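Protein chains in written order, with this note's numbering: chain E, 3 to 188; chain B, 503 to 651.
Every residue, glycine too, gets a C-beta built ideally from N, C-alpha and C.
As the structure is a computational prediction, the values presented were derived from the model and not from experiment.
Here's the structure, in structure tokens; my notes come after.
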Amino acid sequence: MASAAAGSRDAFDELVARHQMRIYKLARMLTGGDADAEDLVQETFVRAFRGIGRFRGESSFNTWLHRIALNVIKSYLSRRSRQVQIAPSPPGDKSDALVDRVPSNEDLETATVQRDAIDRALATLPEELRLLVTLRDVQGLEYHEIATLVGLPIGTVESRVFRARQRLRPLLEPLIRRSSAGRYVM
Amino acid sequence: MDGRLDRTGRERLSAHLKVCSACQQATETQVVVKRVLAARPDEALPPGFSTRLLALLDAESSSGWLEAADWRTWSIRLLPVAAALFLFAGIVDRSERAEWAEKEAATILAGAPPGVDANLLAASDIAEDRLIVDLIMGQSASLRRESLR
């Protein structure tokens, strides 16, 4: 029994190694880079560890883990009753605000600045658009997985991701221009 | 772009984009934004993150949930299965299949997890999360049953 438990624990540690970065990234993005993101990730994996017996395989393990993570994060945000740390820009002022915060091409060299620029752009979106485009384009979930997670029809998810990308375009223009110039490797 | 169109749909879209600049721009927006977001650099995990997480899981493991909770639950749930397996073993010839059935039934009744084999972790072809989950839940017994057939 002890060896069986040890083997099962090794297996779960393998799952942790595969998915911890993905869930940490999600927690950081949905909480605005909150310092509690680590606690949220820990809670996610502890819940997954306790509930692994309930995983029936109807969805992928990644989707199942994302469901747990989203519940943990939503509970946290609800408890704390706080907005995403990066406040949305005033209407009509989004592009200038982003450009002002990324003043030079040299600044865009660092991964931190690139990541912050993307996160600031995402923070300007309404919560549901931000969640859906994050799950699709950053986390790489398929549309049907996202639809299952959030309880929306696939077509609704598709149209909202489409709208989110349209709204993000002007905010991400500096990064897109650098990509076109070949200096920002994507 | 998102893999949602079949070949006919892609061909029709491609033909339309050749003549519609508005749709060209809209498509280009979708493509470039998706590319930028997908390339978002990962943040570094905080120092000691993995160590702290594994320590939490160690605490969960030591609480004995794996032995006490799930396997007893499994045993209780599988009692009817165990009974059926004994019946199966009793009414068929003492073939290898019947011996397997009797062994599996005894294992279930003993409360031990049937078939968890940590050595399978070493197999180079185990790359899918689902197989790992199956190992955790002791469902590798199904792989052994397959090998007996």
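query	result
Counting along the chain, where does the alpha helix (DSSP H) carrying residue 141 of chain E start and finish?	That residue, residue 141 of chain E, is in no alpha helix (DSSP H); it is neither H nor E in DSSP.
Using the Cβ count rule (16 or more neighbours within 10 Å means buried), how would you classify residue 176 of chain E?	buried
Rounded to the nearest angstrom, how far is the Cβ of residue 62 of chain E from that of residue 631 of chain B, given a contact under 8 Å?	7 Å
Under a Cβ-count criterion, where at least 16 other Cβ atoms within 10 Å of its own Cβ denotes burial, should residue 116 of chain E be classed as buried or exposed?	buried
For the pair the region 29-40 of chain E and the region 68-79 of chain E, tell me if three or more CB-CB distances fall below 8 Å.	yes
Is any non-hydrogen atom of the ligand ATP found closer than 7 Å to the C-beta of residue 162 of chain E, if you look at the structure I gave you?	Inclusion of the ligand ATP in the displayed structure is not the case, the ligand content being empty and no account of it being possible.
For residue 523 of chain B, which residues in chain E fall below 9 Å Cβ to Cβ?	What residue 523 of chain B touches in chain E: nothing, since even the nearest Cβ is about 16 Å away.
Output yes if chain B places a C-beta closer than 8 Å to the C-beta of residue 148 of chain E; else output no.	no
Buried or exposed: where does residue 136 of chain E fall if 16 or more other Cβ atoms within 10 Å of its Cβ makes it buried?	buried
Roughly how many angstroms lie between the CA atoms of residue 628 of chain B and residue 132 of chain E, to the nearest whole one?	Unreliable positioning characterises residue 628 of chain B in this predicted model, as indicated by a pLDDT of 37, which lies under 50. The coordinate reading is nonetheless provided below. Each residue's alpha carbon lies about 35 Å from the other.
Taking Cβ-Cβ distances shorter than 9 Å, what residues in chain E pair up with residue 553 of chain B?	Residues of chain E passing the Cβ test: none, with the nearest at roughly 12 Å.
Would you kindly check if the distance between the Cβ of residue 166 of chain E and the Cβ of residue 134 of chain E is under 8 Å?	yes
Any C-beta of chain B sitting closer than 8 Å to the C-beta of residue 132 of chain E?	no
If the criterion is Cβ atoms closer than 8 Å, does the pair residue 529 of chain B and residue 519 of chain B meet it?	yes
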